Amino acid sequence: MDIVVQPARKLRGTIMVPGDKSISHRAVIIGSIAEGKTEITGFLHAQDCLATLTCMRQLGASIDYDPRHQKVTIEGKGLEGLEEPQDVLDAGNSGTTARLLLGLLSGQRFFSVITGDNSLRRRPMDRVTIPLRAMGARLQGREGGKWLPVSIEGTRLHGIKHRLRVASAQTKSALLLAGLYSSGSTEVQQPASTRDHTERLLQAFGAQVEQKGNSIAVVGGCRLQGQKVEVPGDISSAAFFLVAGCLVPKSEIIVRDVGVNPSRTGILRILQSMGADIELFNRCEKLEPTSDVVVRSSTLRAVNITSEMVPDLIDELPVIAVAACLASGTTTIRGASELRVKESDRLAAISSELSRLGAKIQELDDGLIIEGVPRLRGGRVRSFGDHRIAMALAIAGIACESPVIIEGAEAVDISFPDFFCTLESLR
Ligand code: S3P
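All residue numbers for the sequence shown refer to the numbering used here, where the first residue is -19 and numbers rise by one.
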């Protein structure tokens, strides 16, 4: 589907963004293996999290979902209560679903198979299957389990100490979930810290989780107790509006109830260092800290993003690239080769599509060099079926001189089905 985005003269208003994707996935998975009731409010109603919900139902979880109120109620089955699925589990486009379920299912007493869509079947699973095998998991797939579909012959696992090669919250979470089903303790050492939603939730549900620096250990066999989980707004979705608010003159946008877990707020730090007028207010310290965020039109300058900054803003780099196109000076992004194995090759997608709009971008193996230009022109661009590329291009469109036509704009349904309506509401 093509969508035409018209340039905006100003953007003003107060919005909510949908629930955090990472937390929504985890709350459903952990609630399903806890004992008693789990109530999730603010659940993200979008394709990725619905894939997790459907997979967990196929695994016998008793889940009641009220999409109108984004409320999920789970009657937990306990650690050993899941059942063999009758069919292949389809993670759709969702890497989080596939990787976390590989961890969860490795230690069950039954057989299962996970697959995904065209994009997900091309994303590497060996970062998860290799350490899971070291825990005793029996996994089969193409090229030794590198690509979905992967079959899982559930078996007894034993805890290991594993050092991640890439800083990945999905891999860490897969191993921690497998660790719940392992003898002894499972320790994951990260090269850099990554989003810690799994650790926070496991702890809240009563698991024994210990964190020392960038190492996280979980003890196998702990019983989990159902909880109430309030999912905050997704800062990765808010990011599009924060950049739009900076770029469009005479703008002021308030985004309510955004999750501001420090492992996710790299976008705020980077935009502020670029000169963005962003303030946080109504901060609330809960299981996941939240805040309202206000952004006003700003004059942006270039920034230097290095590898150690990347994990905290990994999903925001496409829209940061849009900001950099219109900032003064030359922005460098390095150490971001992980972007090549996301829903699309995001380094290639950003550089080809923003160049079509007049951006000056050089693609590197592990990043981008972006020379700011005074303005972008309209044109026709492609999403490559990637939700974050579609939304980043829409923000470029808002800040362009003439309309931008986005091919494959329906990709926003993966994480933010109301994205275009929310954007229009601010004009
Ligand atoms: C996620 C972790 C990140 C992120 C993805 C969601 C998660 O992926 O890019 O959108 O929920 O754990 P990696 O673990 O591959 O870095």
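Just so it is clear, CB atoms sit at the ideal spot from N, CA and C, and this is done for glycine as well. None of these values were measured; they are calculated from a predicted model.
In the displayed model, M(-4) falls within a strand according to three-state DSSP. Close CB contacts of S331 within its chain, under the 7 angstroms cut and outside five residues either way in sequence, are with I341, E343, L348 (chain order).
Restricting attention to L137, L100, T166, L128, the CA atom closest to the CA of R113 is found in L137. Taking all protein chains shown into account, T166 has 16 or more neighbouring C-beta atoms within 10 Å of its C-beta and is therefore buried.
Comparing alpha-carbon positions, the option among D(-18), A(-12), M(-19), I(-17) lying closest to L227 turns out to be A(-12).
Cβ atoms of V52 and I20 come within 8 angstroms of each other, at about 4 angstroms. Per DSSP, K152 has no beta-bridge partner at all.
The alpha carbon of G193 has as its nearest neighbour, out of Q169, V302, R143, the alpha carbon of Q169. In this structure the region 357 to 368 does not touch the region 280 to 290; the number of beta carbon pairs closer than 8 angstroms is below three. Short of 6 angstroms from the beta carbon of A372, and not among the five residues preceding or following it, lie these beta carbons of its own chain, in chain order: P298, V299, V302. Closer than 8 angstroms to some heavy atom of the ligand S3P: that describes the Cβ of D295.
Secondary structure note for C264: its beta strand (DSSP E) is the uninterrupted segment 257 to 264. The C-beta distance from L293 to G(-7) rounds to 25 angstroms, too long to fall under 8 angstroms, and the pair is not in contact.
Annotation for I394: no alpha helix (DSSP H) segment contains it, and DSSP assigns it neither H nor E. Counting the other Cβ atoms within 10 Å of the Cβ of N98 gives fewer than 16, which makes it exposed. Excluding the 5 residues flanking it on each side, M254 has same chain C-beta neighbours closer than 7 angstroms at L280, R281, V283, A303, A307, in chain order. The beta strand (DSSP E) runs of length 3 or more contained entirely in the region 209 to 254 are, from start to end of the chain, 232 to 239. The Cβ atoms of K57 and C29 lie no closer than 9 angstroms to each other.
Taking each of R6, G61, Q38 in turn and checking the Cα distance to T77, the smallest one comes out for R6.
Runs of the beta strand (DSSP E) lying entirely within the region -18 to 37 and spanning at least 3 residues, in chain order: -18 to -15, -8 to -4, 15 to 21. A Cβ-Cβ distance of about 6 angstroms is found for the pair R244 and R175, placing them in contact under the 8 angstroms criterion. Annotation: A328 to R368 spans about 13 angstroms, alpha carbon to alpha carbon. Under the three-state reduction of DSSP, I349 is assigned to strand.
S363 and A376 have their C-alpha atoms roughly 13 angstroms apart. Using a Cβ-Cβ distance cut-off of 8 angstroms, the region 28 to 45 and the region 187 to 201 are not in contact, since fewer than three pairs of beta carbons, one from each stretch, lie closer than that value. For the pair I(-17) and A219, the Cα-to-Cα distance works out to about 20 angstroms. The way I'd put it, the region 81 to 89 does touch the region 154 to 161; three or more beta-carbon pairs between them come closer than 8 angstroms. With contacts defined as CB atoms closer than 9 angstroms, S395 and A26 qualify as a contacting pair.
For V146, the distance from the CB to the nearest heavy atom of the ligand S3P is below 8 angstroms.
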